[in-house]
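Reading through the structure tokens given below for one structure.
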Amino acid sequence: MWLVAQLPYSLQIQIGKFIGWLSYRFVSSRRHVCEVNLRMCFPDLGEDEHRDLVKRTFAANGIGFVEIAIAWFANIDRYVDKVEIHGLEHLHKALEKGNGVLLLGAHLTCFELAGALFARFGDLSVTYRANDKNPLFDACMFKGRSQHFPGIFERKDIRGAMRCLKNNGVLWYAPDQDYGAQHSVFVPFFGNLAATITAGSRFAAFNDSEVLFFNYYRKPDNSGYEFFFSEPVEGYPSGSEQQDGEILSKLVEDAIRYQPDQYLWLHKRFKTPPPGTDRDPYKK
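Residue numbers in the sequence shown follow the numbering used here, run continuously in steps of one, and reach 299 at the last position.
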């Protein structure tokens with residue numbers, strides 16, 4: 016990863032595409048997950064369109080892996096001029112309130128590099144899930160992120176995350192993965208019920224923090240990146256975890272529709288069955 020991070024950007028993109036191609040060809044388990052997710056979420060796609068989207072998704076995820084290497088091991092200043100930021104005034108205005116800002120986002124493939132790049136424009140604290148199965152990778156992840164973010168909070172460190180908001184910090188939180196039924200609600204996600212984490216509601220309500228949505232994309236021609244900060248999300252938190260989950264799910268859907276191939280479709284988004292069912296769409 017360190018070696019790839021030192022190469023020219025155009026070569027890094029090509030290596031990422033190659034990693035994506037290799038994964039598509041030889042990691043059949045993840046290809047199956049991706050195919051199932053896309054069939055469930057985009058049922059109107061024809062076979063050729065579906066196959067093409069799967070391939071483009073693997074290419075985007077391969078590039079995303081290279082971007083992780085860049086974020087952790089490269090000189091980020093090399094990439095700052097590749098970023099276009101839209102709506103930054105919304106974030107600045109939200110901070111003027113003095114109660115912190117909860118920045119919600121989705122697991123789009125360039126999320127790691129997006130965070131590292133935005134750190135050149137403003138302070139950003141993050142939450143993350145520790146990789147208990149691979150201590151070396153976890154150590155690299157923590158060290159790589161530590162150089163960019165003033166606060167890094169493991170997902171169980173609720174006090175640290177809330178302290179960040181209390182100090183009028185910006186907390187970046189991506190609650191769009193399936194971590195089981197506990198502390199989740201089931202809401203429609205592209206027409207399918209999916210377990211959606213409710214912690215974002217509690218974070219926002221704790222200090223009456225403003226809530227913005229943060230989108231980050233690799234440009235279609237792979238020449239750079241675009242970041243989008245929304246205006247404050249209306250009605251969130253609403254006082255109802257179910258309604259908040261629906262609001263969040265709609266925001267994530269909108270983010271994905273802008274660049275469908277740049278989402279982490281290799282994750283089992285529907286692995287937890289809704290109550291009263293034994294659904295397992297990934298079972299062969």
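We put the beta carbon where it would ideally sit given N, CA and C, even for glycine. In this text, all values refer to a predicted model and were calculated from it rather than measured experimentally.
- Your pair Arg-160 and Val-141 checks out as a contact, with CB atoms roughly 7 Å apart and the cut at 8 Å.
- Within the same chain, Cβ atoms closer than 6 Å to the Cβ of Pro-190 are found at Ile-212 and Gly-215, the five residues on either side in sequence being excluded.
- Burial check for His-163: the Cβ neighbour count within 10 Å reaches 16 or more, so the residue is buried.
- Taking C-beta atoms as the reference points, Phe-73 and Gly-35 count as a pair closer than 8 Å.
- Look at Arg-71 here: in three-state DSSP terms it is helix.
- Taking Glu-82 as the centre and dropping the five residues before and after it, the same chain places the C-beta of Cys-125, Glu-127 and Leu-128 closer than 7 Å to its C-beta, in chain order.
- Secondary structure note for Phe-228: its beta strand (DSSP E) is the uninterrupted segment 225 to 233.
- Closest by C-alpha distance to Asn-183, out of Phe-218, Phe-57, Gly-206 and Ser-199, is Phe-218.
- Annotation for Val-267: the continuous alpha helix (DSSP H) segment containing it runs 256 to 273.
- The C-beta separation of Asn-207 from Phe-285 comes to about 6 Å, placing the pair in contact by the 8 Å criterion.
- Ala-270 sits close to Ala-121, with the two beta carbons spaced by under 8 Å.
- Annotation: the continuous alpha helix (DSSP H) that includes Glu-127 extends over 126 to 133.
- Three or more beta-carbon pairs drawn from the stretch 278 to 295 and the stretch 193 to 203 are found closer than 8 Å, and the two stretches are therefore classed as touching.
- Residue burial annotation: Trp-17 is exposed, with fewer than 16 other C-beta atoms found within 10 angstroms of its C-beta.
- Look at the beta carbons and you see the stretch 232 to 248 touching the stretch 260 to 280: at least three pairs across the two are nearer than 8 Å.
- Annotation for Leu-281: no beta strand (DSSP E) segment contains it, and DSSP assigns it neither H nor E.
- When only Cα atoms are considered, Arg-46 and Trp-87 end up about 27 Å apart.
- Burial check for Gly-77: the Cβ neighbour count within 10 Å reaches 16 or more, so the residue is buried.
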